[in-house]
Every structure is written in C-alpha cells, then in structure tokens.
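Please read the structure below before turning to the comments.
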Amino acid sequence: MNSITKEAADVEHTELAADNAHYIESLYEQFLSDPDSVDADWQHYFKQYQSPSDAKHNAIKEQFLLLARNQTANKGSAAPSSSGAASLTNCVDPKQMGVQQLISAYRRRGHRRAQLDPLELQPRPAVEDLTLTYHGLSEADLDTVYPTGDLSIGKAEAPLREIIEIMERVYCRYIGVEYMHVTTSTEKRWMEQYLETNLGYIKFDNEKRLSILERLTAAEGLEKYLARKYTGVKRFGLEGGESFIPALNEIIQRAGGYGTKEMVIGMAHRGRLNLLVNVLGKNPADLFDEFDGKVQPEKGSGDVKYHNGYSSNVMTPGGEAHLALAFNPSHLEIVSPVLEGSVRARQVRRKDTTGNLVLPIVVHGDAAFAAQGVVQETFQMSQTRAYTTGGTLHIVINNQVGFTTSRQEDARSTEYCTDVAKMVHAPILHVNGDDPESVVFAAQLALDYRHEFGKDIIIDLFCYRRNGHNEADEPSATQPLMYAVIKKLPTTRAIYAKKLIADGILNNEEETKYEDEYRESLDRGEYVVNSLVLEPNTELFIDWAPYLGHDLVDDWDTSVDIEKLKAYGRRMAELPEGFKLQRQVQKVVDQRLAMQTGEEPLNWGAAENLAYATLVDNDDVLVRITGEDVGRGTFAHRHSELFNINDGSMYVPLAHMSETQARFATYNSLLSEEAVLAFEYGYATTVPNALIVWEAQFGDFVNGAQVVIDQFIASGETKWQRVCGLTMLLPHGFEGQGPEHSSARLERFLQLCAEDNMQVITPTTPAQIYHALRRQAVRPIRKPLIVMSPKSLLRHKLATSQLEELANGKFETVLPEMDQQNADEITRLVLCGGKVYYDLLEQRRALGLDHVAIVRIEQLYPLPEARLIAEIEKYSHLAEIVWTQEEPLNQGAWYYLAPDMYRIVVPHPTKAKVLEPIARPASAAPATGSAKLHVQQQQALIAGGLGVSVDELSK
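First residue of the sequence shown: 1, per the numbering used here; consecutive thereafter.
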C-alpha cells in the first residue's frame, strides 16, 4: 500500500482525529468487504492507497491508527514516506493493536450481546468480533497489562481481563448503545466518556432506588386496580412496561433542574391512562368517573378516554414546570409532528432559541415506529430551519409485538425497530425494561445528551405486553410461546422489590406498605403525584379564554387606514444598501410598490403581502408561512424572500416593517405534506394570536396529509374542544394541467363540514384574499380556514383590486353581479365560485347576454344563506338558476350545495327553477390529461352556464 501524503490526510480532516481511530478501522474493513457500503468520499479516499494485496486487519489499519495518533504532533510537517510508514508499522505491537480493535468492537457492536429482552425469547447470535481470537488475542493475554488508549476508565493501562470486564459491564449488560453511526467525533467521545467513566456500574443512593420502587408501585398498582374494578374494559394497560413511569418521571425532574419550564408529551394509547394519573397528576376519581360513564361531553362528540390530552404543573428542582399531554387519535405516530409544532410555538413565545426551556417528549410503539412513514418525515424535519425544536427525546415502548404480529420478518426489514432513527444520526439506547435502574440511567443519559447537543435521541425500552392488544384479547392464540413465558414471569416491580430487599434497603413489610398506601390513595380518589402543584402558576401557559365561546360570524371590520397601507408598501420596497436583486424580481418589487401606493390596481401577491404587513405591525399578530416553495410561491407571485445576486444573502421585507412589529417568518418546507401540515396544526393550536399559514405546492397534493385533515383539522374541536386557526392555501383550478395539477379536492373538505368546524372559501379578487387573511387573524374566533387559492388568477387582467377596497372593505361571503345591469331584465342567474367566474364573465360580455347575472359564492361553508337569498331577491323576473363549476359533476361543490339550493330557491316568489348543474362529466379522476379535451370541456361548461351553444361562444 502506498504511504499517505500530507495533502491526502489534511491535518484539518477531523475524521482522522485520534479519537476516531476505531471508526476509520471499521470503515476500511467495510470498504474491503463492500466498497459501496461506505460513503463516496471515503471510497475515493481509500482507493488512493489500496493495493491488490490488502486484506482486513492488515498493515493499512495500523498505518491509519498511527496517522491518527500522530496527527497532532505532525501538524505542519509532511506525512511519512512509504518506507517510513512501513518501518513505523513494524514497530506497532500486534497485541496492542488487537486490544484497541477489541475496545472499538465493544463500542460498535456490544449492543448485539447486551441482555435486552426480559423474555429471553430471541437467542442472539454470537458476535464474532467480540471474541479474542478475532483480534489475534488469546486467554494467555488476559493478565497482560496494556495501554487503555482513549478508554475512559481513569487509568492509563490495565490488564486485558479488566478491560474486557469493564467493556462487558458498560456495553453488554442491560443497556445496549448504538452511537457509532453518529457523524461527529465530539458526540461519540462524549457518549463514551458518559458510559465508561462509571466502569459500567449504576450507582444510585438508597433514596433514589426507593423512589424508583415507589413509581413502579404506582405504575403496577393503577393497572391492577383498574383490572379488578373494570374487568375486561379497554384501557390499553402498561403491564410489562411499567419502567416507563419512573423513566419519564426522571426525565421531567431532571429537565426541570436544567431550567426547563414546559414539557410536551405525545403518545399513543398504550399506557396513556397510567401516564395521566401517575405522571401528570390527573385525579384518579375523575378517571373512574369516565370508566363509569358519568362524564359526558358538554359539547361536540368527545373522544374515548385514552385519546384525551391533559395539562398540569409539577414542582421540580428548578422550580415549577408545565406538563402538557397532546390529544391523539388512534392513527399511530401522527401525533409526533403535531407535538413538534406545539413545542416550536412555545419556544417562539418564550424566545427559547436553544430549546432548553421547552422539551418535546414523544412516546412510540415499536411496530408503528418502524412502519409509519410520518416517523421518517418527522425525523427529517428535526434539524431543519423551520421545524427544529432543539432535539426530541423519544421513548419506544417496545412490546416486541404489534397487535398480533411479532415475527420480525413480518414487522420490519431491520434488526431493531429503531433503526429508522439512524437517518438523522440519533444515538439509540436499547434497555431492558425489567432492570429499572438501567432504564432510569438511560433516561438521564438521553436527557443529558439532548441538553448538550440539541439533537434527537431514542430510548428503546425492551419490555413486553402482559395482556393482549386490549384487555379483551387473548394473545396466546397468536403468540403461544411468548405468553407461556409471560404468564410465569414476575412483574418488573416484584423483581426490583426483591432486589432491594436482598440489598437490605427495605424489608418485606415495608415493601407491602408501598402497595397498600397506593391502593388506599386510589380508594380515596386522591392525587397520587407528590410533585403536583394544585394552584399552578398561570404564567406558564397561554390563556385562550378571549378566543372561546364566540358565535361564528361572517362580517368583521378588517379595514386599515389607506395611508398606513401606502407606508407599508414603501417600506416593503426598501432594501439594505448594496442589496441587488435579479432583474425580474426587481421588476416585481417596482410594480408592487406602484400597486401598494395606489398608483396601479393590485394583483394577488401585492394584496396578500399587504395583509401580512398590516397584521404584524398594525395588529401585533405573529405570522408564519410554510410549505413547499412558499418564499417565492409556486407560481412566483409572493416573493416574500428576496435574494442578493452578488452574495446569495436573503432579506425578508415583512420582517423589517418596524422595530416593534410582531414576528414574521416564512420557510420553504421539505417535500412533505403529512408531517408539515401536522406540525403547523400543532403550532396553530398553541398560539392563538397568530396567523399560521400552510400552502400546498399544488392543492392536489394535500391528500398526502388526509389523516391530518380528517383526525385533527376537521374534528379536533368537536372531539377535544381544541380550537385552531390554521389557514390552508390550496391552489385549485382547471387549466389543462392534468389530473394531478387541477383539484384541491374541494368536495372532500365540504363533506367534512359540520358544527361550524371550519371555513371553506373560494376568493376571486385580491381584496378578498386580503380581507379573508385579516379576518382570520383579528376576529377573536379560531377556526381552520380552507382557501381554494388561484393559479392563473394571480395575474389575470380582471382579477385586480383598488387600494381603497383594501382600506375600506371587508371579506364578502357573496359577491354580487359586478356589471351595471337592469335587474328587471335578468331571467337567468348563474351561481359559481373560483376561476370559472372570469371565463363566464368574459363570454357574457362578449355575447351581450344582458339577461344573465353572475353571482359568486365566495364562502361555501358556513353557507351565507341570508346573503344568497338577498341576491336572488334582487331579480323579480328570474326564471332560471344554475350552478356552474369546473370540476366534474361528482366532485366540486354541487353535491354539498344541492340540498340547500333547492331549499332556498323553492320559496322564491318567482318560482325560479333550479336547473341541472353545469359541470364536467362525472369522472374518477379530477381532470383530463389531454389539452384538447380540456378546452372542449371548458367551452361546453361555459356555454352551458350561460345557456348558449358552444358554437355561439366568442372565439
């Protein structure tokens, strides 16, 4: 092999630092076995020095180790020549090399020998590279003293036997750590020091150990109590995973000691009731009332008890802290991005730029964690500008079975259910749930890592499910061997109590007293969380009272003084000195200035940006806009982010309206709908005085987030009384771009509308979107706003507004006929919404159809009946009313509108007929892929709407 030159092994190459010798060794071994298994950069690097005679664990590894050790000493000097490297290699003791390789193997692969499974059902294959012979060592070397290198055991050398004993305790007992995939040497070294310094011994004092027993008693005691009191009733108990409760309690108390003021928890149903009572401090009597059916929803549908959220305050070593458990549907893992959005909002409110004041904790199930794609999406968001929360602490309650599926070859393609987390280089702590002290130690380590590095970390709590998927299931039908073992297995608490008794920390009577006292507290309906604050500090959470209890009203004053609007326009056109824009963008900025100062009619982008400017400065409302390409806008209409062509720097004018303005933030999201929309929902349900906007790249793509729409946006208020002011901008319109670029599936949103749960609008003018956005923020009502936003209308010659319309108007739920027509001559009324209006208008004008009036329904839900009736009553000679839409007949608004149309129109004095709707033919796909057929269909529906033939249309 050739020698390594100074140029190839640059002294600034941090991967070659001494503490990464084992990492380089493992990489080169991988490379020799399969070059494609290492990154392209390393492939190129290794190939420079590879020769046909190279083999695993050959001289090349010794040379890399030597290079790494001497890197610091050799800074500024050339690397050894070929002959020099060869001579140095010959000086390396092969036994010492083997010891170093063995240490590296324990760090890298010790988790595969760790005693993780309480059931001991899965025999673990022998780990070859943890044997002496694999590294050229033998039992004869066990008493030989070797340098310990970078091993953090407090001594420079030790007998091989002692080194192995320490490594076995650290890496192969009840905690198996995966961290070698972490890319930064600083994090790896921190992890090694944390694990190795205590020589593999977990040393808790008696008080700590008794507190662990007390929490285990609570966890087990509640499940036993519920099982006895409500036999066979679904509760998705925690039996088999009780160590989760002391682990979470440790995280909360330790985080409080770090100064954390809020902790937000998301989890599915398994163990949720236990967490509510034993961690958050819900009164057991209230839970029993829910089981007894005494608690009924005061409003809406309500939800089952193991989906409901909760909040409380607890006392910690660092003072009072607020805990919040997020509401969650049965759709596993979808709560993860919702929780992250809520945490980000809380951090922004607290100006918590490090993430130390607000901690996200997400609890997962093993099967869902490995299988649900939203997990991957949420991990991918974790270090991005728009969505980072300073690291999330993940706990996987690993029952080793998902419902009835436990065979690994059915459940996943990876060794561990947590392997997906490696995509973001998150450390993974596998821990045996039947060793509570190891679990609590893992909790401490996880929190300390997150606090140190601000990144995600995972605790994989290997445990089991003592009952079936729910308490009525018989699990032995599908897992007979597993449940034969479980039935004989003592509980986690019993195992730990026996250990404490053996250690002389308590006696049998004292151990029984723990159980009795907890059971008696439940009998009395008393709180069972000692740290619970019964009179919480209200400053730790947001008061939503001003936004609750209001009737949903359509009319709201959204006017702003016209001179203020002009000043905002001028301010948005100001750029930092020397900031040069791309030519076309500069043209947009210049045109927009003319529009926003009243010199020209406003287009969509000019009006929308003025709405944001007024909100952040005039109304002190936080504005956040996210989605794919929202900075520019999919169709280049927004340009809220401006870029200097000289250095690429970015400037956001709306963030610089004044020194006292509210926060304005716009972020281009990763290419995700489900997790990103869920994140924004979580954000919007946490901060009331805000306009939170998510924009789809095309409205068609929103169906990738259908679970968020169905389970949270549409039904969150009726299920959980959680109000949400999220705004969704969904580009919608039939313009010949095919089935996947035409429809935001308006019909699906309308089908979900009931109980005033949201608003669905189809604005057609810049003034309308301006007032709709302002109404959404300044009106003290928080309901989701679904906007069928335009594409071609963004620059349509007729789709403009005057500045006065923004200054003096309000959002109009119905827009009347805009031309001056004689009402007595109108016999045909066309009702429509969206882009089709302008096609109808242009043809009516061209054909001189003075008997046809066109009225736009700008708000489809809640349907503005009174306004609609008022428009119909303007025309005393009306004979025909027809609804016209671009969508196919089975899509769009017609099936939603039809019952109301007949109900409204039948009592009309003229007895006007509601004609058959005009639409594209019913279709399984939203639109045709043929441009020619699209034009034919569009002409046919325009002609049908106006009551003329296609041949009569103006060409």
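Don't be surprised by glycine CBs; every beta carbon is placed ideally from N, CA and C.
Checklist line | Q372 vs L325 beta-carbon contact at 8 angstroms | finding: Your numbering for residue 372 matches position 372 in the sequence shown. Your numbering for residue 325 matches position 325 in the sequence shown. Contact flag unset, no.
Notebook entry, point to check: What is the DSSP secondary structure of M728, counted as helix, strand or coil?
Noted result: On the sequence shown, residue 728 is found 728 positions in, with the first residue counted as 1. It is a strand residue.
Item checked: Burial state of E825, where buried means 16 or more other Cβ atoms lie within 10 Å -> Here residue 825 refers to the residue found at position 825 of the sequence shown. The residue in question, E825, is exposed, as its Cβ has fewer than 16 Cβ neighbours within 10 Å.
Next item on the list: Output the distance between the C-alpha atoms of L275 and N313, rounded to the nearest integer angstrom.
Entry: Position 275 of the sequence shown holds residue 275. Position 313 of the sequence shown holds residue 313. For L275 and N313, the distance between alpha carbons rounds to 14 angstroms.
Next item on the list: Helix, strand or coil for P147, going by three-state DSSP, please let me know.
Entry: To locate residue 147, count along the sequence shown from 1; it is residue 147. For P147, the secondary structure class from DSSP, reduced to helix, strand or coil, is strand.
Checklist line | Reference I854, options L815, I869 and M97, closest by Cα | finding: Reading the sequence shown from its first residue, position 854 is the one you call residue 854. The shortest C-alpha separation from I854 is found at L815.
Next item on the list: State yes or no: is the C-beta of F453 within less than 8 angstroms of the C-beta of E178?
Entry: Stepping through the sequence shown from its first residue, residue 453 is reached at position 453. Stepping through the sequence shown from its first residue, residue 178 is reached at position 178. No; because the gap between Cβ atoms is not below 8 angstroms, this pair is not in contact.
Next item on the list: Determine the direct distance from the alpha carbon of K564 to that of N963, and round the result to whole angstroms.
Entry: There is no way to answer for residue 963, as the model of the chain reaches only from 1 to 955.
Item checked: First and last residue of the uninterrupted alpha helix (DSSP H) at D460 -> Looking up residue 460 in the sequence shown gives position 460. For D460, there is no enclosing alpha helix (DSSP H); the enclosing beta strand (DSSP E) has its first and last residue at I457 to F462.
Next item on the list: From the DSSP output, read off the bridge partner residues of P360.
Entry: Within the sequence shown, the letter at position 360 stands for residue 360. DSSP lists V264 as partners of P360.
Item checked: Short Cβ contact (8 angstroms threshold) for E880 with K913 -> Taking the first residue of the sequence shown as position 1, residue 880 is located at position 880. Taking the first residue of the sequence shown as position 1, residue 913 is located at position 913. Yes, these two residues count as a Cβ contact at 8 angstroms.
Notebook entry, point to check: To which residues of the same chain is Q115 closer than 8 angstroms at the C-beta, ignoring the five residues directly before and after it?
Noted result: In the sequence shown, residue 115 corresponds to position 115, counting from 1. These residues qualify, in order along the chain: C172, R173, Y174 and N432.
Notebook entry, point to check: Quick one: what does DSSP say R173 is sitting in, helix, strand or coil?
Noted result: Stepping through the sequence shown from its first residue, residue 173 is reached at position 173. DSSP places R173 in coil when its eight states are reduced to three.
Note to self: Along the chain, where does the beta strand (DSSP E) containing Q885 start, and where does it finish?
What the structure shows: Locating residue 885 in the sequence shown gives position 885, counting from the first residue. DSSP places Q885 inside the beta strand (DSSP E), whose first and last residues are E880 to P888.
Check: If we call anything under 8 angstroms between Cβ atoms a contact, is A931 one with P888?
Finding: Against the sequence shown, residue 931 aligns to sequence position 931. Against the sequence shown, residue 888 aligns to sequence position 888. If you check the CB distance, A931 and P888 do not come in under 8 angstroms.
Checklist line | Straight-line gap, M180 to Y667 (C-alpha atoms, nearest Å) | finding: As a first step, residue 180 is located in the sequence shown; it is residue number 180 there, counting from the start. As a first step, residue 667 is located in the sequence shown; it is residue number 667 there, counting from the start. Roughly 32 angstroms separates the two Cα atoms.
Note to self: Rounding to the nearest angstrom, what Cα-Cα distance links G525 and L222 in this structure?
What the structure shows: Here residue 525 is taken as the residue at index 525 of the sequence shown, counted from 1. Here residue 222 is taken as the residue at index 222 of the sequence shown, counted from 1. Cα-Cα distance, rounded: 12 angstroms.
Checklist line | Beta-carbon contacts of M901 that lie in its chain and below 7 angstroms, excluding the five residues immediately before and after | finding: The residue given as residue 901 occupies position 901 in the sequence shown. Closer than 7 angstroms at the Cβ level, and outside the excluded window around M901, lie W883 and V914.
Next item on the list: Have a look at N644, P329, V362 and N328 and flag the residue whose alpha-carbon is nearest the alpha-carbon of V343.
Entry: Against the sequence shown, residue 343 aligns to sequence position 343. Its Cα nearest to that of V343, the residue V362 stands out among N644, P329, V362 and N328.
Check: Are the Cβ atoms of R638 and T597 separated by less than 8 angstroms?
Finding: One-based indexing of the sequence shown puts residue 638 at position 638. One-based indexing of the sequence shown puts residue 597 at position 597. Not a contact, by the Cβ cut-off of 8 angstroms.
Margin query: Considering just the uninterrupted stretch of the beta strand (DSSP E) at I153, what are its terminal residues?
Written below: Reading the sequence shown from its first residue, position 153 is the one you call residue 153. Where I153 is concerned, there is no enclosing beta strand (DSSP E), given that its DSSP letter is neither H nor E.
Check: Distance, Cα to Cα, G176 vs T231?
Finding: The sequence position of residue 176 within the sequence shown is 176, counting from 1. The sequence position of residue 231 within the sequence shown is 231, counting from 1. Going from the Cα of G176 to the Cα of T231 covers about 37 angstroms.
Note to self: Going by beta-carbon coordinates alone, are F664 and Y612 separated by less than 8 angstroms?
What the structure shows: Within the sequence shown, numbered from 1, the residue matching residue 664 stands at position 664. Within the sequence shown, numbered from 1, the residue matching residue 612 stands at position 612. Taking C-beta atoms as the reference points, F664 and Y612 count as a pair closer than 8 angstroms.
Check: Looking at the structure shown, is A898 part of a helix, part of a strand, or coil, going by DSSP?
Finding: For the purposes of this step, residue 898 is taken as residue 898 along the sequence shown, with counting starting at 1. A898: helix per DSSP, three-state reduction.
Next item on the list: Report the partner residues of R920 according to the DSSP bridge assignment.
Entry: The residue given as residue 920 occupies position 920 in the sequence shown. R920 is bridged to P888.
Note to self: If you follow the alpha helix (DSSP H) that M572 is in, where does it begin and where does it stop?
What the structure shows: Here residue 572 is taken as the residue at index 572 of the sequence shown, counted from 1. Its alpha helix (DSSP H) spans residues I562 to A573.
Next item on the list: Between the Cα of G293 and those of T418, A411 and K305, spot the shortest distance and give me the residue it belongs to.
Entry: Here residue 293 is taken as the residue at index 293 of the sequence shown, counted from 1. Cα-wise, what sits closest to G293 is K305.
Check: So, are the CB atoms of L339 and G682 less than 8 angstroms apart?
Finding: Taking the sequence shown and counting its residues from 1, one reaches residue 339 at position 339. Taking the sequence shown and counting its residues from 1, one reaches residue 682 at position 682. In contact: L339 and G682 (Cβ atoms closer than 8 angstroms).
Notebook entry, point to check: Around the C-beta of A767, are 16 or more other C-beta atoms found within 10 angstroms, so that it is buried, or is it exposed?
Noted result: Here residue 767 corresponds to residue number 767 of the sequence shown, with the count starting at 1. Counting Cβ neighbours within 10 Å, A767 comes out buried, since at least 16 surround it.
Note to self: Could you compute how far the alpha carbon of L65 sits from the alpha carbon of L27?
What the structure shows: The residue you call residue 65 lines up with position 65 of the sequence shown. The residue you call residue 27 lines up with position 27 of the sequence shown. Its pLDDT being 49, under 50, L65 is placed unreliably in this model, and the coordinates cannot settle the point.
Notebook entry, point to check: What is the DSSP secondary structure of G944, counted as helix, strand or coil?
Noted result: Walking along the sequence shown from the start, residue 944 turns up at place 944. Residue state, collapsed to three classes: helix.
Check: A807: which of P907, A567, A705 and P475 sits nearest, CA to CA?
Finding: Here residue 807 corresponds to residue number 807 of the sequence shown, with the count starting at 1. With distances taken between Cα atoms, A807 lies closest to A567.
Next item on the list: Helix, strand or coil for R450, going by three-state DSSP, please let me know.
Entry: Here residue 450 is taken as the residue at index 450 of the sequence shown, counted from 1. In this structure, R450 counts as helix in the three-state DSSP scheme.
Note to self: To test your reading of the DSSP string, which unbroken beta strand (DSSP E) runs of 3 or more residues are found completely within the stretch 696 to 782?
What the structure shows: With a minimum length of 3 residues, the continuous beta strand (DSSP E) runs that stay inside the stretch 696 to 782 are 727 to 731 and 759 to 761.
Checklist line | Best match in R774, G892 and G929 for proximity to L610 [C-alpha to C-alpha] | finding: Numbered from its first residue, the sequence shown carries residue 610 at position 610. Nearest of R774, G892 and G929 to L610, Cα basis: R774.
Next item on the list: Compare the Cα-Cα distances from G892 to each of G733, W694, D819 and P125 and report the closest residue.
Entry: Locating residue 892 in the sequence shown gives position 892, counting from the first residue. Distance from the Cα of G892 is smallest, within the candidate group G733, W694, D819 and P125, for G733.
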